[in-house]
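Read through the structure below, which is laid out as structure tokens, and then see the notes.
Protein chains: 2
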Amino acid sequence: MSRQAPTLEDVAREAGVSRATVSRVVNGVRNVDPAIQESVRQAISRTGYAPNQAARSLVTRRTETVALVVSGAGDVSEEERNAFAARVVADPFFGRVVSGVVGQLRPRSMHPVLMFAETDEARQEVVTYLRQGSADGALVVSTHADDPLPALLAAAGLPAVLFARPARPVALSYVDLAHRDGGRLAAEHLLGRGCRRIVTVSGPLAVTASQERLAGFRDTMARHGHAYVPLVQGGFTVDSGVAAMTELLAEHPDVDGVFAANDLMAQGICQVLREHGRRVPHDVAVVGFDDSSVAVTCRPPLTTVRQPVEDMAAAMARLLAEHIGGVRTEPTSIIFDPELVVRESA
Amino acid sequence: MSRQAPTLEDVAREAGVSRATVSRVVNGVRNVDPAIQESVRQAISRTGYAPNQAARSLVTRRTETVALVVSGAGDVSEEERNAFAARVVADPFFGRVVSGVVGQLRPRSMHPVLMFAETDEARQEVVTYLRQGSADGALVVSTHADDPLPALLAAAGLPAVLFARPARPVALSYVDLAHRDGGRLAAEHLLGRGCRRIVTVSGPLAVTASQERLAGFRDTMARHGHAYVPLVQGGFTVDSGVAAMTELLAEHPDVDGVFAANDLMAQGICQVLREHGRRVPHDVAVVGFDDSSVAVTCRPPLTTVRQPVEDMAAAMARLLAEHIGGVRTEPTSIIFDPELVVRESA
DNA sequence: CTGAAAGCGCTAACAG
DNA sequence: CTGTTAGCGCTTTCAG
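Chains F and L supply the protein sequences, listed in that same order. Residue numbering for the first sequence follows UniProt numbering, starting at 1 and increasing by one per position. Residue numbering for the second sequence follows UniProt numbering, starting at 1 and increasing by one per position.
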């Protein structure tokens, strides 16, 4: 570490060839004599050469890095900034995104840098980061429909792919789920098993996905004569599920079915139900959404609407790689279909 | 986006000064006439200039990026690689690490790139990544005592800080918890509330922290005359907690106290207990470890040994920044003290 | 306090 | 198939 790192020049000298030739074998460009290739390779391991990424990026204009950003909407106090990051990462949803993204990035030798953009300043930093060429593009997951980041990215002409369709049209590719169909699936299942006094806990209505899940659910209920379904808005956390169900149970003690807009809330709902002496699914059936890890962990295991997050995240990474590589120039969208997974809660 | 991005040269021309001067104001180096400074600033915003990070890194030899790597030990099949990432990120522990790290990195304008090193090949890639200068240093969290990555990093003379003391001495800084004290705290609490038929579910014994927590627990139990404490080894997951407790309950139906080496397992334990008609803490008291998010979410909320993960992660980031900056040259260690958090489970 | 000039290490034409 | 030659955009002595 004390000695200066060897450069192409050093390897070239060691192998008795030119820098260009060494560069070619390092980058696997053919047109290099097998014999020379071999001697270069030996010189490389003899010198312990590792190409300097900065020098390389300077000319290729690629960093092989993408920003994985979780963006909010409004501004958040300085103190809440860490809380934002903590909350995001703690959500099993995020883990699935990372898993799907990494799976696609790795074989391409690309790496994700984590960024949280919960304030306007932080969002500006993301844009700057990309404009500086610190990353080749961005994968963005918005926690709010009004997230201004997608528009900023598009305006700057930066390669980016979104998780979920932006509320306001933006010329960026995105992947999404047919949330309405998911809501429909949940309603049909609850109705199908005979529930008649059904309530629902939606996600934050500032999130488009929440609205859509709810709309699909309500439409289906209405089609079956259920004009009115009691609703409480939750925040996609276990706690909010607990609070929402506590409220709903007080007003509708005879409830026999619940649709929760995500599994975390469904878990909180099951807890409240149990604590109030209701058996799940015997007395009250509960359907969640996502099919995240807690769906399996929860007691009872959750019947839920599966959202193939890993596949969606993988698709995002693939699309971004295509945009970066220039293979794809026009924005496109990929919509995934939800699927009902029946376990024990309903 | 179509037009070439402006360079220092462009700004210099626009402001009628030299590149050097522009560079100085961009980097906030004083010794620049206020008037000129102002005109340069205007030229910058007029041109929409953003410094090229690659060019900058090439000369400063800094990327303002650090690798945040989660490393395992043995090799894992190709198919399990994504599962590894998924499992890691899904664990609330990881979220706390990220939160603590980001909190320190952000004010330093540094960014974490996520890497999973569960195979020898992946570990080699981490080393290469750093040697290429793609990141200035590494923050490593090992999931196994035999993790070879720390030694590789040290041998390559790369700046790195570890979460937890490495099993085999390595000249690298690390932060850790006084795990033994944590185990002692748990034992004392269980004993103090009158439990006499106590069992324990440890973490994987291949993890040093698990061994230490267990040792501290057993020592204290022994000091109080409990020569033998039934033990089942778990895997730090809810499922493993369920399995372990099912086994223990079958052999020791009269159990009245359980120490779980982490909260996730404690949650599984509570589920099993409840399903077998045992009240927590009335019939059986349960003490967890970590004080992670599930400790609060769990029913009943867990009495647990708090590990200040966010603070520990923040300390890691701080140490790494010092090593990178050359402010600190010798490896050091920071040991945090655990703390008992009493809630309802014991 | 400012400018000129020398690279940082690598890739990519372009010759040969 | 290989070598020569330009830069990529920026920081940083070193003069002035």
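For each residue, glycine too, the CB sits at the ideal point set by N, CA and C.
- For a Cβ distance threshold of 8 Å, residue set 299 of chain L lies close to residue 271/F, ordered along the chain.
- Counting only residues of its own chain and dropping the five nearest sequence neighbours on each side, residue 147/L has a CB closer than 6 Å to the CB of 71, 73.
- A straight line joining the alpha-carbon of residue 202/F with that of residue 141/F spans about 19 Å.
- Along the stretch 29–48 of chain L, the positions whose C-beta sits under 9 Å from a C-beta of chain F are 48, read in chain order.
- Residue 244/F and residue 200/L have their C-alpha atoms roughly 36 Å apart.
- Within 7 Å of the CB of residue 53/L, the CB atoms of chain F belong to 132, 133, 134, in sequence order along the chain.
- When beta bridges are read from the DSSP output, residue 111/F appears opposite 65/F.
- Taking the C-beta atoms as reference points, residue 197/F is found nearer than 8 Å to residue 255/F.
- The stretch 129–144 of chain L and the stretch 153–173 of chain L touch, with no fewer than 3 CB-CB distances between them shorter than 8 Å.
- Within its own chain, the residues whose Cβ lies closer than 7 Å to the Cβ of residue 241/L, once the five positions on either side in sequence are excluded, are 201, 234, 260, 264, 265, 266, 267, 268, 269, listed in chain order.
- Taken through DSSP and simplified to helix, strand or coil, residue 306/F comes out as strand.
- Contacts between residue 152/L and chain F, judged by CB atoms closer than 8 Å, are missing: the closest CB pair is about 13 Å apart.
- Counting along the chain, residue 290/L sits inside the beta strand (DSSP E) bounded by residues 285–290.
- From the beta-carbon of residue 128/F, the residues of chain L found nearer than 7 Å are 50.
- With respect to residue 336/F, residue 312/F sits close: the two C-beta atoms are nearer than 8 Å.
- Inter-residue distance for residue 95/F and residue 135/F is about 21 Å (C-alpha atoms, whole angstroms).
- Residue pairing for residue 260/F: DSSP places it in a beta bridge opposite 201/F.
- Neighbours of residue 262/F across chain L, judged by C-beta separation under 9 Å, do not exist; the nearest C-beta is about 14 Å away.
- Residue contact check for residue 112/L against chain F: a CB pair falls below 8 Å.
- Taken atom to atom, the span from the alpha-carbon of residue 284/F to that of residue 132/F is near 55 Å.
- Among the residues of the stretch 275–308 of chain L, those with a Cβ less than 7 Å away from any Cβ of chain F are 293, 297, 299, in the order of the chain.
- Of 54/L, 4/L, 172/L, 113/L, the smallest CA-CA separation from residue 154/L is found for 172/L.
- Close to residue 85/F, with beta-carbon spacing below 7 Å, are these residues of chain L in chain order: 98, 99, 102.
- When secondary structure is reduced to three states using DSSP, residue 137/L falls in the strand class.
- Note: residue 233/L is bridge-paired with 202/L in the DSSP secondary-structure output.
- Taken through DSSP and simplified to helix, strand or coil, residue 91/L comes out as coil.
- With a cutoff of 8 Å on beta-carbon distance, residue 158/F and residue 130/F are scored as near each other.
- Under the Cβ distance rule, residue 27/F does not count among the residues neighbouring chain L, no pair being separated by less than 8 Å.
- By the CB criterion at 8 Å, residue 308/L and residue 343/L fall outside the cutoff.
- Comparing alpha-carbon positions, the option among 236/L, 238/L, 231/L lying closest to residue 248/L turns out to be 231/L.
- Among the residues of chain L, those whose CB is under 7 Å from the CB of residue 90/F are 92, 95, 293, following chain order.
- Under the DSSP definition of a beta bridge, residue 70/F partners with 116/F, 141/F.
- Using a C-beta cut-off of 8 Å, the stretch 174–181 of chain L makes contact with the stretch 209–223 of chain L, since at least three inter-stretch Cβ pairs fall below that distance.
- Counting of Cβ neighbours within 10 angstroms places residue 107/L among the exposed residues, the total staying below 16.
- By the Cβ test, the stretch 16–36 of chain F is not in contact with the stretch 104–120 of chain L, since fewer than three Cβ pairs between them sit closer than 8 Å.
- According to the DSSP assignment, residue 191/F belongs to the alpha helix (DSSP H) that extends over 179–192.
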